[in-house]
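**Q** I'd like to ask you about the structure that follows.
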Ligand code: DOR
Ligand code: ZN
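Numbering (UniProt numbering), first residue to last: 1 to 439.
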C-alpha cells in the first residue's frame, strides 16, 4: 500500500488548509508543506476533511436478493458516500440468525475491502419474534456480532424484548429496535394524517412507533441494558427519548436522512419511491428531528439504505415494498437539512455521522479524531459542490432513490479506509481481495 499525501485540506472545515501524510494506514503527520517521495497525492483544494462515516443501518441484501444489492455493490456505494464502516441488517434470505450467515457477511465484507461491513444478527429466529436467536454464538464467532436487530420487524412481544435486553446486557452487545406496534399498523402504507386520508392510503399512526419507544425505554431501564431506536420518525419519539435520557436510561436513537428532508406531501403523486417504513411524516416531525439531532437528543444519522428491485417499487403504492437507497446521498441530505440552515457545523457532522455511531457500537478504530497516530479512516467533502441525483448512475444495483433529479449540496470526493483510497471523484476502487476466477 502506497503512502498518501492529502494537500491543503481543512480538518472539520476549520482553520487554514493543512497537509496530511498517511503512512501504513495511519496519520503520520499533519502540517504545512509536507513532502513525501513516492506518495500518492490527493489535492485537497481547501475541502473539508472529516473522520469516515459509520452507518448503523444498511441493508445489503446478500445473501438472497443479490439482484438488488450485494456486499460488493453496497460496499462501493458506501465508499462513494464517505462511509468507512456499515452495519448490514439481518433481514436477508436466509435471515442472519445464525453465525453461518453473520460470519459470511463479515468475511465477504473483508474480502471486498472497500468498507468494514459489520453483520447485524437477528434478535429472534427468522425475525418471527417468537424465539430468541443464538445471540451468544453470533457474538463470539468470527463475525463478532455487536449489534442485534429484527429490523424490518419489531420485537413486539414485551417478554421476548425483555429477555433479549437481558442477554444483550450480559453479552455486552446492543439491541436496535424497529419500533412499530404491529397491531396498530396492519395494512398501513403511509403516515396517518390528512394526506393519507385524502389519497385513500391506509394510515400508520405515530403512536405505533412511540408506544414501543416508551415501552422499550422502561424495559431497558429494568434490565440495566442499552437500547437503540432505529429510524426515529416522530416529534413524540424525540420527546420520549429526551425523557428517557433525563432518567438516566441507556437509550440512543438514529434518524434517517429521508426523515430529515422529506414529508408525506411527497405522496401526492403516488410514487412508491417515497414509500418507506416508518413512513415519511409531517413538517412538524422533520423540524423536531432536525432540532433533536442538533441538540444531541437524537444521537446520529443512519441511512436505512434499502435497495429494492424495479418491479417491487414501480407498481401500485400499496403493493410496493418500503425502503429507499441512502448511502450515496446521505451526506448531501445532511448538508441540505442541517449544515445549510446552521443547525450543525462540520464538527457536528463528524459527531452525528461518525463519532457517535462508532461510540454507540464500540468501534475503537472509527470516529477517531483527525490527529497524528490515528487510523486514516477519512472522508474529504467538497462543501461548495452541488450535484443532481440520478438513480441509474448510483453504484447500488437497485436505483430506488426518492431524490431522483433533485440537486443537492455537498459532495464526497475521496474516502480512505485505513489509508487506502476506496472512492475518488465519483469512482469506487476495485475490490481488494476478489478470488481468482470469481469475477
Ligand atoms: O423501509 C424500510 N425498508 N424499513 C425497514 O424497516 C426495512 C427496510 C427494508 O428491508 O427494505
Ligand atoms: Zn426498520
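From the three backbone atoms N, C-alpha and C, an ideal C-beta is built for every residue, glycine too.
Does the separation of the CB atoms of residue 301 and residue 255 fall below 8 Å?
**A** On the chain shown, position 301 is the one that residue 301 refers to. On the chain shown, position 255 is the one that residue 255 refers to. For residue 301 and residue 255, yes; Cβs fall inside 8 Å.
**Q** Assuming the contact rule is C-beta atoms closer than 8 Å, residue 441 and residue 80 should be a hit. Round their C-beta distance to whole Å, please.
**A** Summary: the structure shown does not reach residue 441, with the chain confined to residues 1 through 439, and so no result is reported for it.
**Q** Pull every residue with its beta-carbon under 7 Å away from any heavy atom of the ligand ZN, and keep them in chain order.
**A** Counting every residue whose Cβ lies closer than 7 Å to a heavy atom of the ligand ZN, we get 151, 152, 178, 230, 231, 277, 304.
**Q** Expressed to the nearest angstrom, what Euclidean distance is found between the alpha-carbon atoms of residue 349 and residue 264?
**A** Within the chain shown, numbered from 1, the residue matching residue 349 stands at position 349. Within the chain shown, numbered from 1, the residue matching residue 264 stands at position 264. In a straight line, the C-alpha of residue 349 is about 26 Å away from that of residue 264.
**Q** Using CA atoms only, rank isn't needed, just tell me which of 71, 21, 145 is closest to residue 49.
**A** Position 49 of the chain shown, counting from 1, holds the residue named residue 49. It is 21.
**Q** DSSP three-state label for residue 438, please.
**A** Sequence index remark: in the chain shown, residue 438 carries index 438 (1-based). The predicted model places residue 438 with a pLDDT of 44, which falls under 50 and marks its position as unreliable, so this point remains unresolved.
**Q** Going by Cα to Cα distance, which pick from 172, 371, 334 is closest to residue 381?
**A** Within the chain shown, the letter at position 381 stands for residue 381. Of 172, 371, 334, the residue nearest in Cα terms is 334.
**Q** Taking the runs of the alpha helix (DSSP H) that are 4 residues or longer, which of them lie wholly in the segment 355-425?
**A** 356-360
**Q** What are the start and end residues of the beta strand (DSSP E) that includes residue 228?
**A** Numbered from its first residue, the chain shown carries residue 228 at position 228. Segment 227-229, the beta strand (DSSP E) holding residue 228.
**Q** Only counting the same chain, and skipping five residues up and downstream in sequence, which positions put a Cβ closer than 6 Å to that of residue 415?
**A** The residue you call residue 415 lines up with position 415 of the chain shown. Excluding sequence neighbours, residue 415 sits near 79, 82, 379, 422, 423.
**Q** How is residue 167 classed by DSSP in three states: helix, strand or coil?
**A** What you label residue 167 is simply residue 167 of the chain shown in a count that begins at 1. Note: residue 167 maps to helix in three-state DSSP.
**Q** Is the beta carbon of residue 241 closer than 8 Å to that of residue 213?
**A** Position 213 of the chain shown, counted from the start, is the residue given in the question as residue 213. Position 241 of the chain shown, counted from the start, is the residue given in the question as residue 241. Against a cut-off of 8 Å, the Cβ pair of residue 241 and residue 213 comes out as a contact.
**Q** State the Cα-Cα distance for the pair residue 30 and residue 172, rounded to the nearest angstrom.
**A** Locating residue 30 in the chain shown gives position 30, where the first residue counts as 1. Locating residue 172 in the chain shown gives position 172, where the first residue counts as 1. So the two alpha carbons sit approximately 36 Å from each other.
**Q** Quick one: which unbroken alpha helix (DSSP H) runs of 4-plus residues sit fully inside the segment 217-292? Chain order, please.
**A** 235-246, 257-261
**Q** Start and end of the beta strand (DSSP E) containing residue 28?
**A** As a first step, residue 28 is located in the chain shown; it is residue number 28 there, counting from the start. Run containing residue 28: 26-31, per the beta strand (DSSP E) assignment.
**Q** Less than 8 Å separating the beta-carbons of residue 113 and residue 427?
**A** The sequence position of residue 113 within the chain shown is 113, counting from 1. The sequence position of residue 427 within the chain shown is 427, counting from 1. The answer is no: Cβ separation not under 8 Å.
**Q** Counting only runs of 3+ residues fully inside the segment 39-89, write out the beta strand (DSSP E) ranges in chain order.
**A** Under the rule that a run must span 3 or more residues, the beta strand (DSSP E) segments found entirely inside the segment 39-89 read 40-43, 48-51, 53-58, 83-88.
**Q** The ligand DOR heavy atoms versus the CB of residue 65: any closer than 7 Å?
**A** Here residue 65 refers to the residue found at position 65 when the chain shown is read from its first residue. Outside the cutoff, so no.
**Q** Below 7 Å CB to CB, which residues in the same chain sit around residue 105 once its five sequence neighbours on both sides are set aside?
**A** Position 105 of the chain shown holds residue 105. These residues qualify, in order along the chain: 71, 88, 96, 117, 119, 143.
**Q** Helix, strand or coil: which one does DSSP assign to residue 23?
**A** Within the chain shown, the letter at position 23 stands for residue 23. If DSSP states are grouped into helix, strand and coil, residue 23 belongs with the strands.
**Q** By DSSP, does residue 17 sit in helix, in strand, or in coil?
**A** Numbered from 1 along the chain shown, position 17 holds the residue referred to as residue 17. Residue 17: coil per DSSP, three-state reduction.
**Q** Taking all protein chains shown into account, decide if residue 326 is buried (16 or more other Cβ within 10 angstroms of its Cβ) or exposed.
**A** Position 326 of the chain shown, counted from the first residue, corresponds to residue 326. It counts as buried.
**Q** For my contact list, residue 320 and residue 313 are in at a C-beta cut-off of 8 Å; report their separation, rounded to the angstrom.
**A** On the chain shown, position 320 is the one that residue 320 refers to. On the chain shown, position 313 is the one that residue 313 refers to. With a Cβ gap of about 5 Å, residue 320 and residue 313 count as contacting.
**Q** Measuring only the C-alpha atoms, how far is residue 159 from residue 365?
**A** Along the chain shown, one-based indexing puts residue 159 at 159. Along the chain shown, one-based indexing puts residue 365 at 365. Going by the C-alpha atoms only, they are around 35 Å apart.
**Q** Give me the residue from 13, 34, 47, 54 with the minimum Cα distance to residue 474.
**A** Within the shown structure, residues of the chain are numbered from 1 to 439, placing residue 474 beyond reach of any answer.
**Q** Based on the DSSP output, what are the partners of residue 11 in its beta bridges?
**A** Position 11 of the chain shown holds residue 11. Partner(s): 49.
**Q** Check whether the Cβ of residue 126 sits closer than 7 Å to any heavy atom of the ligand DOR, and report yes or no.
**A** Against the chain shown, residue 126 aligns to sequence position 126. For the ligand DOR, no non-hydrogen atom lies closer than 7 Å to the CB of residue 126.
**Q** Which value, in whole angstroms, describes the spacing of the CA atoms of residue 134 and residue 99?
**A** On the chain shown, residue 134 is found 134 positions in, with the first residue counted as 1. On the chain shown, residue 99 is found 99 positions in, with the first residue counted as 1. Going by the C-alpha atoms only, they are around 8 Å apart.
**Q** Do you know how far the Cα of residue 61 is from the Cα of residue 225?
**A** Locating residue 225 in the chain shown gives position 225, where the first residue counts as 1. Locating residue 61 in the chain shown gives position 61, where the first residue counts as 1. Roughly 29 Å between the two C-alpha positions.
**Q** Have a look at residue 107 and residue 84 and give me their C-alpha separation to the nearest angstrom.
**A** Residue mapping note: residue 107 aligns to position 107 of the chain shown, counting from 1. Residue mapping note: residue 84 aligns to position 84 of the chain shown, counting from 1. Rounded to the nearest angstrom, the two C-alpha atoms are 16 Å apart.
**Q** Hey, would you say residue 58 sits closer than 8 Å to residue 303, going by beta carbons?
**A** Taking the chain shown and counting its residues from 1, one reaches residue 58 at position 58. Taking the chain shown and counting its residues from 1, one reaches residue 303 at position 303. Yes, they are a contact pair.
**Q** Restricting to Cα atoms, I'd like to know which of 186, 200, 154 is closest to residue 179.
**A** Taking the chain shown and counting its residues from 1, one reaches residue 179 at position 179. Comparing Cα-Cα distances from residue 179 to each of 186, 200, 154, the minimum goes to 154.
**Q** Can you list, in chain order, the stretches of the beta strand (DSSP E) that have 3 or more residues and sit fully within the segment 127-192?
**A** 174-177
**Q** Beta strand (DSSP E) containing residue 117: first to last residue?
**A** Looking up residue 117 in the chain shown gives position 117. From DSSP, the beta strand (DSSP E) with residue 117 extends over 116-119.
**Q** Please classify residue 441 as buried or exposed, where buried requires at least 16 neighbouring CB atoms within 10 angstroms.
**A** One cannot answer for residue 441 here, as it falls past the ends of the chain, which runs 1 to 439.
**Q** How many angstroms separate the CA atom of residue 110 from the CA atom of residue 197?
**A** Locating residue 110 in the chain shown gives position 110, where the first residue counts as 1. Locating residue 197 in the chain shown gives position 197, where the first residue counts as 1. Roughly 47 Å between the two C-alpha positions.
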